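In structure tokens, the structure reads:
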């Protein structure tokens, strides 16, 4: 005996894929879908269109303008198909395009499902794209989760691609946070920022993570030579955009180590006033400690 198809599979195959008894044709991005107004009304976008005073409410062929470049034909296919079935399988590689389509069509359930998929698949390759998309489409809980992932993993999961993708604003947010997980010493944060800044300035560089620090050091050394080392890099025209990020370095923990202090001096990335101010604070702290010992 033949097993009967489940109702939802039958509906999806017959009505959506085959377009039987369609009463409206949706045209978008050069593609056509033969659909049904009663199913489309599950979407806030179409519900307003068909019940309101829009001219499209009585039309049988509707041309959709797609202003969002994240939306493609495949995303529309899945979004329309979701109206005819109970569950949708969302691939992480497709989730941003599908989220864009779901937001345009006001499909709350699908938006929520995209958000859950994003939260479950945050990693070094997806985190920046997800963070930006969550900001664009108003998924605050996804944005928060991406930020948490970066705070916990930025220092331990460094990669060339991740450094390239991290914007100045996002990096500033991470470095200024007291929740940034630093495995060993503050100097590691300075070194990570140096590598990140180099990749922001030379995004075409495609070497390995192992070569990155050497390349960054060589690039900044050449720049010092060209400018005869008069101006700290962050005070130059090219470097000034990075000032707000480096401001949040806790320099007092860097210069208390001689080897680290020498590297920072040699690099000449930071304004000399920053360093002299911290040296002065540390010097007074040392004098106070010595005098307290003498008194004791």
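Numbering (the UniProt record's numbering), first residue to last: 1 to 296. Built from N, CA and C at the ideal position, the CB exists for glycine as well. From a predicted model like this one, the values you see are computed outputs, not experimental measurements.
{"Query": "Residue nearest to residue 107 in terms of C-alpha spacing, selected from 120, 235, 75, 119", "Result": "75"}
{"Query": "Buried versus exposed call for residue 1 [16 or more other C-beta atoms within 10 Å across all chains shown]", "Result": "Here residue 1 scores only 47 on pLDDT, less than 50, and its place in the model should not be relied on; the value that follows carries that caveat. Classification for residue 1: exposed."}
{"Query": "DSSP beta-bridge partners of residue 27", "Result": "32, 63"}
{"Query": "For residue 149, the three-state DSSP class (helix, strand or coil)", "Result": "helix"}
{"Query": "Reference residue 240, options 48, 126, 168, closest by Cα", "Result": "168"}
{"Query": "Unbroken stretches of the alpha helix (DSSP H), 4 residues or longer, contained in the segment 112-164", "Result": "127-136, 140-153"}
{"Query": "Validate contact between the segment 188-206 and the segment 154-168 using beta carbons, cut 8 angstroms, 3 pairs", "Result": "yes"}
{"Query": "Selected residue, minimal CA-CA separation from residue 155, among 125, 190, 46", "Result": "190"}
{"Query": "Local Cβ density within 10 Å of residue 10, reported as buried at 16 or more and exposed below that", "Result": "exposed"}
{"Query": "Reduced DSSP category for residue 238 - H, G, I as helix; E, B as strand; rest coil", "Result": "coil"}
{"Query": "Assigned exposure category for residue 225 - 16 Cβ within 10 Å defines buried", "Result": "exposed"}
{"Query": "Per-residue DSSP class, three states only, for residue 214", "Result": "helix"}
{"Query": "Buried or exposed by the 16-neighbour rule on C-beta atoms within 10 Å, applied to residue 69", "Result": "exposed"}
{"Query": "Residue 50, enclosing alpha helix (DSSP H) - first and last residue", "Result": "44-51"}
{"Query": "Proximity winner among 187, 13, 37, relative to residue 22 (alpha-carbon distances)", "Result": "37"}
{"Query": "Three-state class that DSSP yields for residue 86 in the structure shown", "Result": "coil"}
{"Query": "Under the three-state DSSP convention, the category residue 41 falls into", "Result": "coil"}
{"Query": "Length of the line joining the Cα atoms of residue 8 and residue 25", "Result": "22 angstroms"}
{"Query": "Candidates 62, 93, 15: closest to residue 30 by CA position", "Result": "62"}
{"Query": "Reduced DSSP secondary structure (H/G/I, E/B, other) of residue 92", "Result": "helix"}
{"Query": "Under 8 angstroms between C-beta atoms of residue 99 and residue 45", "Result": "no"}
{"Query": "7 angstroms CB neighbourhood of residue 139 in its chain, flanking five on each side removed", "Result": "115"}
{"Query": "Close-in-space but distant-in-sequence residues of the same chain around residue 270 (CB under 7 angstroms, 5 per side omitted)", "Result": "232, 234, 246, 264"}
{"Query": "Run of the alpha helix (DSSP H) containing residue 75, from where it starts to where it stops", "Result": "73-81"}
{"Query": "Nearest candidate by alpha-carbon position, reference residue 184, set 257, 170, 131", "Result": "257"}
{"Query": "8 angstroms contact criterion, which residue 41 and residue 64 should meet: CB distance rounded", "Result": "That pair is no contact at about 16 angstroms."}
{"Query": "Residue 171 versus 193, 178, 153, residue with shortest Cα-Cα distance", "Result": "193"}
{"Query": "Inter-residue CB distance, residue 164 and residue 199 (contact presumed, cutoff 8 angstroms)", "Result": "5 angstroms"}
{"Query": "Residue 274 (DSSP reduced to helix, strand or coil)", "Result": "helix"}
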